[in-house]
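> Before I ask anything, here is the structure I am working with.
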Amino acid sequence: MTVIEAAVLAAAAGLLGGAMNALAGGGTFATMPTLIALGLPSPIANATSNVALQPGAIASAWTYRHGLAPLGGLSVRLLSAVTFVGGIVGSLLLVSTPTRVFDIVIPWLLLVATLAIGIGPRAAVWLQARTTIGPRTLIAAQGMLGIYGGYFGGGVGLMMTATYGLLAGAAPHQMMAPRTLMLAMANAAATLIFVLSGMVRWHACVPMLLGAVLGGWLGARVGQRLSPGLIRGWTLLITAVTTIVFFYRAYT
65 MTVIEAAVLA AAAGLLGGAM NALAGGGTFA TMPTLIALGL PSPIANATSN VALQPGAIAS
125 AWTYRHGLAP LGGLSVRLLS AVTFVGGIVG SLLLVSTPTR VFDIVIPWLL LVATLAIGIG
185 PRAAVWLQAR TTIGPRTLIA AQGMLGIYGG YFGGGVGLMM TATYGLLAGA APHQMMAPRT
245 LMLAMANAAA TLIFVLSGMV RWHACVPMLL GAVLGGWLGA RVGQRLSPGL IRGWTLLITA
305 VTTIVFFYRA YT
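For this note's numbering, count along the sequence shown from 1 and bump the result up by 64.
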């Protein structure tokens with residue numbers, strides 16, 4: 065594959081990933097496998113994918129800034145700080161993870177993300193009707209989500225939606241702004257570590273980043289015309305197929 069062909073493929077993956085993030089989340093399922101197919105080791109591919117999708121996360125957080133409010137009795141600043149620290153920890157864990165170990169771990173992370181997309185919101189509603197958990201648990205959960213977001217991040221937005229519904233009793237419309245900000249904070253922490261540690265491959269990152277920006281804009285436009293069921297079904301199909309491929313890759 066020529067350099068130009070690789071750049072076009074990276075841009076196309078970014079376009080799809082940005083659109084997926086704008087529609088329902090899970091953009092990592094499009095970008096990271098493409099980077100691995102282009103020959104990048106899986107931890108490098110994950111880091112490069114994270115950086116490529118970061119501008120879209122920042123733009124989304126800025127768009128929702130007026131909807132920010134305390135969540136579960138905790139300030140947005142506190143939750144942001146917890147998320148940022150968790151993102152730092154998670155990204156440092158990725159930097160220190162050997163490629164072969166990450167290849168074995170990543171199918172399970174993809175499976176967790178797929179389950180979050182598939183049953184996370186429903187599970188949160190079911191649990192919320194049966195239990196009440198306080199602010200301390202929300203802080204601990206947010207820290208774990210930050211670590212996951214910094215280490216991998218696939219499906220973390222939907223995990224946050226489920227967590228906020230369960231632990232903070234937040235309605236769907238109340239989750240959008242804080243969830244989007246927390247995603248941006250975890251990604252920002254990871255981006256900082258990945259860039260400083262030299263894990264980003266800019267020849268693939270730049271075209272993917274440009275594609276993701278365009279995809280995020282197009283996804284938001286198209287999402288206004290598509291039914292939620294269709295968006296959810298398409299996202300689940302991509303995540304499920306990707307998870308199966310990575311299990312096959314790791315264990316055969």
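A virtual CB, placed ideally from N, CA and C, is assigned to each residue, including glycine.
When the distance is taken between beta carbons, is Val115 closer than 9 Å to Val220?
Against the sequence shown, residue 220 aligns to sequence position 156. Against the sequence shown, residue 115 aligns to sequence position 51. Their beta carbons are not under 9 Å apart, which means Val220 does not touch Val115 by this criterion.
> Considering only their Cβ atoms, is the gap separating Met246 from Leu143 smaller than 9 Å?
Looking up residue 143 in the sequence shown gives position 79. Looking up residue 246 in the sequence shown gives position 182. Yes, these two residues count as a Cβ contact at 9 Å.
> Output needed for Ala121: all residues of its chain with C-beta closer than 7 Å, excluding positions within five of it in sequence on either side, in chain order.
Residue mapping note: residue 121 aligns to position 57 of the sequence shown, counting from 1. Cβ within range, chain order: Leu247, Ala248, Asn251.
> Does DSSP classify Leu222 as helix, strand or coil?
Residue mapping note: residue 222 aligns to position 158 of the sequence shown, counting from 1. Helix.
> By how many angstroms is the C-alpha of Thr98 removed from the C-alpha of Gly217?
Walking along the sequence shown from the start, residue 217 turns up at place 153. Walking along the sequence shown from the start, residue 98 turns up at place 34. Straight-line Cα distance between these residues: approximately 16 Å.
> Mind checking Thr244: buried by the 16 CB within 10 Å criterion, or exposed?
One-based indexing of the sequence shown puts residue 244 at position 180. Flag for Thr244 reads buried.
> Report the residue from Leu102, Ala70, Val159, Phe166 whose alpha carbon sits nearest the alpha carbon of Tyr317.
Because the chain is modelled from 65 through 316, residue 317 falls outside the range shown and cannot be assessed.
> Among Ala76, His130, Leu102, Thr66, whose alpha-carbon lies nearest the alpha-carbon of Met239?
Position 175 of the sequence shown holds residue 239. Closest option to Met239, Cα to Cα, is His130.
> By DSSP, does Leu135 sit in helix, in strand, or in coil?
Start at 1 with the first residue of the sequence shown, and residue 135 comes out as number 71. If DSSP states are grouped into helix, strand and coil, Leu135 belongs with the strands.
> Since Gly213 is in the alpha helix (DSSP H), which residue starts that stretch and which ends it?
Indexing the sequence shown from 1 puts residue 213 at position 149. 199-215 is the span of the alpha helix (DSSP H), which, as asked, contains Gly213.
> Let me know the secondary structure DSSP gives Tyr312 once reduced to three states.
On the sequence shown, position 248 is the one that residue 312 refers to. In the structure shown, Tyr312 sits in a helix (DSSP, three-state: H, G or I).
> Going by C-alpha to C-alpha distance, which of Ala74, Ala111, Gly137, Val72 sits closest to Leu158?
Walking along the sequence shown from the start, residue 158 turns up at place 94. Checked all of Ala74, Ala111, Gly137, Val72; the closest Cα to Leu158 is Ala111.
> Restricting to Cα atoms, I'd like to know which of Val72, Ala71, Thr92, Leu73 is closest to Gly81.
Counting from 1 along the sequence shown, the entry for residue 81 is found at position 17. Residue Thr92 is the option with its Cα nearest to Gly81.
> Please return the same chain residues whose Cβ sits closer than 6 Å to the Cβ of Gly330, not counting the five positions on each side in sequence.
Any answer about residue 330 is impossible in this case: the structure gives the chain only from 65 up to 316.
> Taking the alpha-carbon positions, what's the Arg164 to Gly137 distance?
Locating residue 164 in the sequence shown gives position 100, where the first residue counts as 1. Locating residue 137 in the sequence shown gives position 73, where the first residue counts as 1. Those two C-alpha atoms are separated by around 42 Å.
> Looking at the structure shown, is Thr39 part of a helix, part of a strand, or coil, going by DSSP?
Limits of the chain in this structure are 65 at one end and 316 at the other, which puts residue 39 out of reach.
> Got a sec, what are the start and stop residues for the alpha helix (DSSP H) Val153 sits in?
Position 89 of the sequence shown holds residue 153. Where Val153 is concerned, the enclosing alpha helix (DSSP H) stretches over 140-159.
> Could you compute how far the alpha carbon of Ala304 sits from the alpha carbon of Gly182?
As a working note, residue 304 is residue 240 in the sequence shown. As a working note, residue 182 is residue 118 in the sequence shown. Cα to Cα, Ala304 sits roughly 10 Å from Gly182.
> Ile170 and Ser106 look like a contact to me (Cβ under 8 Å); what is the Cβ gap, rounded to whole Å?
Along the sequence shown, one-based indexing puts residue 170 at 106. Along the sequence shown, one-based indexing puts residue 106 at 42. Between Ser106 and Ile170 the Cβ distance is about 6 Å, and since that is below 8 Å, they are a contact.
> Is Tyr128 helix, strand or coil by DSSP?
By one-based count along the sequence shown, residue 128 stands at place 64. Coil, per DSSP.
> Using a Cβ-Cβ cutoff of less than 6 Å, which residues in the same chain neighbour Leu179 once the five nearest sequence positions on both sides are dropped?
Taking the first residue of the sequence shown as 1, we reach residue 179 at position 115. Excluding positions up to five away in sequence, the list is empty.
> Please confirm whether any heavy atom of the ligand MN lies closer than 8 Å to the CB of Thr303.
For the structure depicted, the ligand MN is absent and the ligand set is empty, with no information on it obtainable.
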